[in-house]
Each structure stands twice: as structure tokens, then as C-alpha cells.
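First the structure, in the form of C-alpha cells, and then the observations on it.
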Amino acid sequence: MNQNSTAAPGSQVTIIGAGVVGMATAVQLQDAGYAVTVIDRLPPGEAASFGNAGGMPTSHAFPLGLPGMAAKIPGWLTDPLGPLALRWSYLPRLAPWLARFVRASSAENAGKSFESILTLMRDSKTDWQPLLDAAGIADLVQPVGGVVPYRSEAALDADAAMWRMPRQHGLNVQRLSRDELRQLEPTLNEAYSCAMFEPDWQRALDPHAVVVGLAEHFARRGGTLLREQVADIETGPNGVHALRTNQGVRSVENLVVCAGAWSHKIAARLGSKVPLEACRGYHIVLPDPGRMPRNMVFPPEFSCAITPMRMGLRFAGTAEFAGLNSEPNWGRARKLTQVAKSVFPGISVEGYTEWAGDRPIIPDSLPVIDRSPHHRNVVFAFGHAFYGLTLGAATGKLVTEIVDGRPPSADLSPYRVTRF
17 MNQNSTAAPG SQVTIIGAGV VGMATAVQLQ DAGYAVTVID RLPPGEAASF GNAGGMPTSH
77 AFPLGLPGMA AKIPGWLTDP LGPLALRWSY LPRLAPWLAR FVRASSAENA GKSFESILTL
137 MRDSKTDWQP LLDAAGIADL VQPVGGVVPY RSEAALDADA AMWRMPRQHG LNVQRLSRDE
197 LRQLEPTLNE AYSCAMFEPD WQRALDPHAV VVGLAEHFAR RGGTLLREQV ADIETGPNGV
257 HALRTNQGVR SVENLVVCAG AWSHKIAARL GSKVPLEACR GYHIVLPDPG RMPRNMVFPP
317 EFSCAITPMR MGLRFAGTAE FAGLNSEPNW GRARKLTQVA KSVFPGISVE GYTEWAGDRP
377 IIPDSLPVID RSPHHRNVVF AFGHAFYGLT LGAATGKLVT EIVDGRPPSA DLSPYRVTRF
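Using the working numbering, the letters of the sequence shown map in sequence onto residues 17 to 436.
Listed below in C-alpha cells is the structure:
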């Protein structure tokens, strides 16, 4: 056994969280020879992984906080179709997080976050491919481009600092004229006069099915899936030794925390305070829209992602800060029907379905991927913001290296739990 490892070959690892990060991690730990148990109160992929936009970029490593964004927030909050919503009763609890977020949105800090997200994102295709192939679900992920259309050249120029970020890293980002945009996406509103185009994306045709496919592959190979609610964690001199759930006590040799928007509560119980907030997103799916883009589309005035999927055309987006226990504001989802009609004139929204889920957002938009400083047999892997699907395989690879005690394949310092 590596002296930096807490796990002997064949030893047991328990993962809290059966979302895309948890299941991608479980499969890779299983590949490395560990006996793995995954615990979640919901079936695999039923939380944020169920309703995400399905995008898997290699160049779109933007953090949530970007230069100049703080000045736009008041306007967004007063715009019914704006990308940001806030429950004002929640503001006192959110204020410290917002202060950190504003600091993280400076040009210098946003640039660092972009680089750190890109470190995990750049090889996401090659990280994911063996997992998809082994699970027999490679057909669920397809190449696609990402189109960010603007209604004026001036609007695009206003985002020039943002688009310099990928170009500074040599990424394939192209500016399109009106004619080029029309040729690429003829169904878009003709009010869009230019665009930025990222050709090297992938999309999941059904993000939920990807997680279910990983879970079924995991179970076929002897992995254990427990649908249980973790109520408490028992610790001792050697770290975590048991989980108390609604079904009893589960012994633990090694623990990995991949619990999405609930992860900070578990981390706090283990002595690590993480400024994570639940950022609620909404989606609608149009089953028969009559207008279908060829690529993923990201209209910046609405900050939503539009993805052709096998169940229809999904409009996913908005960022609502209301706290984990608040009821969804379904009006936010219904407003996406207006977005659909604005972006694609003549589109049919009849029979649409709606969904809401909570993303885990840390002010700098970077996940925590690190061993607990207080419990050597605990590894944290959470806080992926909008990029859980994209970064799930890369995160699982790093977690496996940490558990094994091997040198990590990426510099983990930007993702340390002690950075706050």
C-alpha cells in the first residue's frame, strides 16, 4: 500500500451521492479494485443530474462570476426574464457568499478560475470515453457545437474580455458574421446579427440516462447502491467509521463526499466550512417544437442553454438563490417559454414539461477536490457548479488517485478545501 493512501487494495469505499460525479467516481474506484457502496436518498441521477443542460464543453470554462457582472445584477433582479433571481428573505444568509462572489468576479480572479476549470475540462472527452464505452452508453453522448448569438456587434464587443479568456489558452473559438450565423443556425431569430462559436462541444442526449447507465454498469460488476438518507456521521481517532442512515448504521472504511448542493453540510460536520450555496436552475422541454437548432445555443441576454435532446428541445437555465429548503418558483420555468419564442419565432411550446433542481455553487466556481484535513479517510469531491456532467469523469480520476495515494494527474491546489 502507498504510504500516502488510507486504503488497501480491495478495501471498501463509501460514496455519498449518486449523481453524475458520484457515479463516475464509483465506477473508477471500482476499476481500481475497491469494493464500492454508493448511498443517496434518491435513485441515481434524480437530483441536479436529471435536469441539466447536457452540455460537455472543452473550451467553455467560464466561472459564474465574470468581470462587470456585479454591475448587471440590479438590472437582472428587476427583469422578469432575467437570468438571476433572489428570494429577498434569504438575502441576510446569502450576503457573505455574495461578497465572496463579487471578489471572485474581478478580472484577475475570474481568469484564474477559468484556467482552473479548464485544467479539468480540457481532456473531458478522453476522460469520459472509456467510462461510456464500458457502460455501453457511448451513443448517449454526441459531438456538437456551442453557439452564443448576439443581437448586435456592440453587445458582442461588450463581452470581448470574456472571450479573450479561451483565446489566451489557444482554444478554438470563432466569431461569426450574420451570414455565417444564418448558415449555421437558420431557425434562430433574425434579430441575432453575429455570434461566437465553439465547435468542440459534446452533448448528452439524455443526461439522466447517462447516470443511470453508469449506475447499472456499476451494479452489474458488484457495486452496492443504497437508497438511504444519511442522518449523521460517526468519527473516531482514525477518521470516519460509520454513517447513520434512516435504515440503520453503515460501517465505513473510506468516505467520498459527492453530495452536490448538500455537500457543505456534510463537510461542516467533518470540520471543514465551505461557502457553498444552492443555485436553483429550471428547465422546460418542448416535445415537438417544430424548430430544432443543429447545435447547442446560449443566448446571453437570457443566460440559458438550449439543447436538442432525444425527448425534445430543452431550455435550461436561470440562477435562483433561495436556499435548499425553499419551494420552487415555477413561474421561473414558465418564463422559459417566452425565452423559447424570443429565440425561435414560431416555435411550439405545447405540451412542455418543467423541472427544477439545485446546483452546488462556490463563489469562485471551482469544485472542492481534496482529502479532508481532519479525517484522513475522507475525500471531498463536490461544488462543480454548472460543470458536473463535464467534469465528472475527471473528478473521479482524481479521487481515485487520492484514495490510492498516487501523485494526482493535476495540480490540486486550486481545489483545496482549505482555500476559503
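No residue lacks a Cβ here, since even glycine has one placed at the ideal position from N, Cα and C. Bear in mind that the values here come from a model prediction, so they are computed numbers and not experimental data.
- The secondary-structure analysis by DSSP pairs Glu317 with nothing; it has no beta-bridge partner.
- In the three-state reduction of the DSSP assignment, His185 falls in the coil class.
- A contact is defined here as three or more CB-CB pairs under 8 Å, and the segment 322-341 meets this definition with respect to the segment 214-226.
- Taking a 10 Å sphere around the C-beta of Glu214, we find 16 or more other C-beta atoms and assign the residue as buried.
- Counting the other Cβ atoms within 10 Å of the Cβ of Leu82 gives 16 or more, which makes it buried.
- Setting aside the 5 residues that flank it on each side, Leu302 is surrounded in the same chain by Gly328, Leu329, Val365 and Tyr368, each with a C-beta closer than 6 Å to its C-beta; the list follows chain order.
- Looking at the DSSP output, Met312 sits in a beta bridge with Gly162.
- Close CB contacts of Asp248 within its chain, under the 8 Å cut and outside five residues either way in sequence, are with Leu259, Arg260 and Arg285 (chain order).
- Residue burial annotation: Leu340 is exposed, with fewer than 16 other C-beta atoms found within 10 angstroms of its C-beta.
- For Pro182, the CB contacts under 6 Å within the same chain, skipping 5 residues up- and downstream, are Ser75 and Val189 in chain order.
- Inter-segment contact for the segment 274-283 and the segment 26-36 is present: three or more beta-carbon pairs are separated by less than 8 Å.
- The three-state secondary structure of Val36, taken from DSSP, is helix.
- Straight-line measurement puts the Cα of Arg375 at about 15 Å from the Cα of Leu110.
- Taking C-alpha positions only, Gln46 is separated from Ala176 by approximately 44 Å.
- Annotation for Gly333: the continuous beta strand (DSSP E) segment containing it runs Gly328 to Phe337.
- For His299, no alpha helix (DSSP H) run applies; the uninterrupted beta strand (DSSP E) run containing it begins and ends at Glu293 to Leu302, by DSSP.
- Leu241: member of the beta strand (DSSP E) spanning Thr240 to Arg243, first to last residue.
- Annotation for Pro112: the continuous alpha helix (DSSP H) segment containing it runs Leu107 to Ala120.
- For Gln218, the uninterrupted beta strand (DSSP E) run begins and ends at Cys210 to Ala220, by DSSP.
- Judged by DSSP secondary structure, His391 falls outside any alpha helix (DSSP H); it is assigned neither H nor E.
- Shown here, Phe398 sits in a strand according to DSSP, grouped into three states.
- Only residues of its own chain outside the window of five on either side were considered, and among them Gly81, Leu82, Pro83, Met85 and Ala86 have a CB closer than 7 Å to the CB of Ser121, listed in chain order.
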